[in-house]
Structures are given as structure tokens and as C-alpha cells.
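Colleague: Just dropping this structure here.
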Amino acid sequence: MSLEEHAKVVEDLVKEFGDENVYNTKVPRVYRAFAHVNREKFREVVEYLKEKHGFTHITTISGVDMGDSYEIVYHLRGDGFSFSLKVPVPKDDPKVPSIVDILNGAVLYEREVNDLLGVFPEGHPDPKRLILAYDWPEDVHPLRKEWDIQKIRERVDGKRWGKDVE
Amino acid sequence: MSIATWARTHSPWLIHFNAGACNACDIEVVAALTPRFDIERFGALLKGSPRHADVMVVSGSVPRKIRDRLKRIYEQMPNPKFVVAVGSCAMSGGVFQDCYNVMEGVDKIIPVDAYVPGCPPKPEAILDGVVKLLVSAGY
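The listed protein sequences correspond, in order, to chains A and B. Going from the first sequence to the working numbering is simple: count from 1 and add 1365. Going from the second sequence to the working numbering is simple: count from 1 and add 2.
Written out as C-alpha cells, the structure reads:
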């Protein structure tokens, strides 16, 4: 496959969903692509990529706290081609549609994002806690920028502790 | 030296506990058990059960989830019991200091008798830690 063919996949996606739903596309080199996708059209985009272009594997899902919003990055892969879909999520409504019924591999990653960043996967079959400790408070999401280490310890252990305190 | 102290310090049986270590310290502990370094010349023997052990060798930065297990395994050991913290992580959290999920050291959870610094410590250093512990216990 060549760079032109890979760029064509991205162009095809923009043509199918319109540049208001798929934007900021980038194909920096062969076998690599990025795109921003609107949250409302996201499930359809993933389904389209899976059916039409063979992106049948989800490598991982990462979450970023951008300051004024969250950004959930879905790393799709098909035939060696890595496609990262970035979904902006507003802070006052931290939810994303679940894609577990389309790509089964997302089942644990979505729970991890829900634990660490507090972005809830709507429609997930079993959205319980995955990696945080059992006595961890429900509302503390350690990768959110508003939580620093001493704030977390004050909330979880009832006191500030560590090398900066004692 | 009483006969009980003599017997205990000449056969310190070990239990090895990995509290979230990256395996580097564990490999050095295993190396210390091999004939090249030969921890067995002090009567030390690796045991599979905490109920048979006198010395607990702990490596790792003690994540929050393993805290209760560490305490429970420690409580299963018969008295008198000793703890050796192996590696920077087990001493102070090491590079994982200020992580939200890390308790920063074994001594936050259970009392520690000997610290072995290093990332990872050499097998000789682990041997030295165990021997210093035995001397302090009246070898």
C-alpha cells in the first residue's frame, strides 16, 4: 500500500460523513492517520471503518485532559494501518458512546478510561470498576487535572502525606 | 546466646513477597539464592509458605491494592519475624513516589528490620542485608 491509498481512505471517510463531523485529518506517513470525529457520529464512523476499510482491531483507548475538555483517542488498526480517532468530550457532560458491540476489544479499555478519567461509556455491557483500589472514592479520577497527589491523599486517606509534607 | 536464638539465627527461612516490583529486584533475590552467591551457607532457605518462614523479603513499591495482602501475609508468619525491604521502591517508593496508587514503601504498612538500597541491589547487597539482620538478632 502506498501513501496515496492511505490518504484516500481518510478522504473517503470525510466525503461519507462531511467535514463538520470528521475534521483535522492528518496522514503523516504511510500506515498512519489521525482524525477528529464528532461524538454524535462517532459510532457510525467506527462501524463504517470496520465494514468498508477493515479496521477490525482496537489497539487501545487513551484519554487526555485538554484543560477545557477531554479528548478520547481510539487507536484502530487494520492490515498494519493505524488510524487514531480523537473524540472531543465536554467537561460538563463526560460521556462517550460505547463501541463494545462493534469492536469487542474495547470492553476493558472503556472501563479503564471510566476509572481514570471519568468519561462514562454509554451502553457498555458491564461498566464496573476495573483497576482502581476497592476502597477508592467514586468521584476521584486520578488522571483529571483538577486532582493533584496531595488532594487525592487528603480525600482517600484523610490526610496529606509524602515527601513534601513530613 | 540462648539455644533458641542460636537455632533461629542459624536457620532463617525466607519468604519472598513481590509487592508490585518490576521483577529486577526479584531476579537479584533469586540470584542470591543460587550456588554462586549461596545464601544457604547462613542456613537460609526459600520457603513457599509464610507459616514456615522467619524472614520476609519484600520488593516493590507497595501499590494500594496489595496493601491489605501484604499485611495479611505478614500476620500469618510465626513470631519472631523479620522483614527485609529490598530495593529503592520497597524503601521509599523509588521512582513511583507521588503516584496516586502507591503507598511509598513497605514501612508504611509493616515494621521493617533491614533496608537494602539499590535499583536493583546486587545479590551481594541482599546477602549483606540478611547477614546484618542476623547479627542484629544475635547471630
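Glycine included, every Cβ here is placed at the ideal spot set by N, Cα and C.
1) Quick check: V1454 of chain A and V1465 of chain A, are their CB atoms within less than 8 Å of each other?
2) Following the continuous beta strand (DSSP E) through T1424 of chain A, name the residue where it begins and the one where it ends.
3) Determine, using beta carbons only, whether D100 of chain B comes closer than 8 Å to chain A.
4) In its own chain, which residues sit with a C-beta less than 7 Å from the C-beta of G140 of chain B, not counting the 5 before and 5 after it?
5) Please classify P37 of chain B as buried or exposed, where buried requires at least 16 neighbouring CB atoms within 10 angstroms.
6) In chain B, which residues lie with their C-beta within 7 Å of the C-beta of K1528 of chain A?
7) Just to confirm before moving on: does the CB-CB distance between V88 of chain B and S63 of chain B stay below 8 Å?
8) Alpha carbon to alpha carbon, how far is G96 of chain B from R1408 of chain A?
9) When Cβ atoms are compared, which residues of the segment 66 to 100 of chain B fall closer than 7 Å to chain A?
10) At least one CB of chain A closer than 8 Å to the CB of E30 of chain B: is that the case?
11) Quick one, are the C-beta atoms of G1483 of chain A and P1462 of chain A less than 8 Å apart?
12) Under 8 Å between the Cβ atoms of W1512 of chain A and R1518 of chain A?
13) Look at the alpha carbon of L1497 of chain A and the alpha carbon of L1481 of chain A, and state the distance between them as a whole number of angstroms.
14) By the criterion of Cβ-Cβ separation under 9 Å, what are the contact partners of A1498 of chain A in chain B?
15) Of the residues B:P113, B:I5, B:Y117, which one's Cα is nearest the Cα of L72 of chain B?
16) Which residues bound the beta strand (DSSP E) around M93 of chain B?
17) Note down, in chain order, each residue of its chain lying with its Cβ closer than 7 Å to the Cβ of L129 of chain B, except the 5 sequence neighbours on either side.
18) In this structure, does DSSP put T1506 of chain A in helix, strand or coil?
19) Please confirm if P1507 of chain A has its CB atom under 8 Å from at least one CB of chain B.
20) With a CB to CB cut of under 6 Å and the five nearest residues on each side skipped, what residues in its chain are close to G1445 of chain A?
21) Mind checking who P1455 of chain A pairs with in its DSSP beta bridge?
22) Under the three-state reduction of DSSP, which class applies to S1449 of chain A: helix, strand or coil?
23) Looking at C-alpha atoms only, which residue of B:W15, B:P14, B:A23 is the closest neighbour of M93 of chain B?
24) Against chain B, does I1467 of chain A count as a neighbour if the rule is that its beta carbon must be under 8 Å from one of theirs?
25) For the 8 Å Cβ check, are there 3 or more pairs between the segment 72 to 85 of chain B and the segment 108 to 127 of chain B?
26) Following the continuous beta strand (DSSP E) through N20 of chain B, name the residue where it begins and the one where it ends.
27) Go ahead and pull the three-state DSSP assignment for F1382 of chain A.
28) Identify which residue in A:H1401, A:V1392, A:V1410 has its Cα closest to the Cα of V1382 of chain A.
29) Distance check for S1447 of chain A and R1404 of chain A, CA to CA, integer angstroms please.
30) Based on DSSP bridge pairs, tell me the residues matched to S61 of chain B.
31) Specify the secondary structure class of G1443 of chain A as computed by DSSP and reduced to three states.
32) Return yes when the Cβ of L1368 of chain A is within less than 8 Å of the Cβ of A1400 of chain A, no when it is not.
33) Sort B:H18, B:V32, B:K134 by Cα distance to K124 of chain B and report the nearest one.
Modeller: Taking the definition as stated:
1) Between V1454 of chain A and V1465 of chain A, the C-beta spacing is not below 8 Å.
2) 1422 to 1430 is the span of the beta strand (DSSP E), which, as asked, contains T1424 of chain A.
3) At least one C-beta of chain A is nearer than 8 Å to the C-beta of D100 of chain B.
4) The answer, listed in chain order, is M3, T7, T11.
5) By the neighbour-count criterion, in which 16 or more other beta carbons inside 10 Å mark a residue as buried, P37 of chain B falls on the exposed side.
6) Chain B residues near K1528 of chain A: Q99.
7) Taking 8 Å as the Cβ cut-off, V88 of chain B and S63 of chain B do not qualify as a contacting pair.
8) Each residue's alpha carbon lies about 42 Å from the other.
9) Cβ contacts with chain A: R66, K67, Q99, D100.
10) Put simply, the CB of E30 of chain B is far from chain A, with every gap to its CB atoms at 8 Å or more.
11) No, the Cβ-Cβ distance between G1483 of chain A and P1462 of chain A is not below 8 Å.
12) R1518 of chain A sits away from W1512 of chain A, with the two beta carbons spaced by 8 Å or more.
13) Near 8 Å, if we compare the C-alpha coordinates of L1481 of chain A and L1497 of chain A.
14) Simply P65, R66, K67, R69, N103.
15) Looking from the CA of L72 of chain B, the closest CA among B:P113, B:I5, B:Y117 belongs to B:P113.
16) Segment 90 to 94 is the alpha helix (DSSP H) holding M93 of chain B; no beta strand (DSSP E) there.
17) Cβ within range, chain order: A34, F39, I41.
18) At residue 1506 of chain A the sequence reads His, which differs from the Thr that was named. It is coil, neither helix nor strand.
19) Chain B contact via Cβ: present.
20) Correct list, in chain order: Y1396.
21) P1455 of chain A is bridged to A:S1434.
22) In this structure, S1449 of chain A counts as strand in the three-state DSSP scheme.
23) Here the closest residue by C-alpha is B:A23.
24) Taking Cβ atoms only, chain B never reaches closer than 8 Å to I1467 of chain A, which makes this a no.
25) Two segments are said to touch when three or more pairs of C-beta atoms, one from each, lie closer than 8 Å; by this definition the segment 72 to 85 of chain B touches the segment 108 to 127 of chain B.
26) 15 to 20 is the extent of the beta strand (DSSP E) around N20 of chain B.
27) Assigned with DSSP and collapsed to three states, F1382 of chain A falls in helix.
28) It should be pointed out that residue 1382 of chain A corresponds to Phe in this sequence rather than to Val. When C-alpha distances from F1382 of chain A are compared across A:H1401, A:V1392, A:V1410, the shortest belongs to A:V1410.
29) Whole-angstrom Cα-Cα distance: 20 Å.
30) BP columns for S61 of chain B point to B:N20, B:V88.
31) The three-state secondary structure of G1443 of chain A, taken from DSSP, is strand.
32) No. Outside cutoff.
33) Closest option to K124 of chain B, Cα to Cα, is B:V32.
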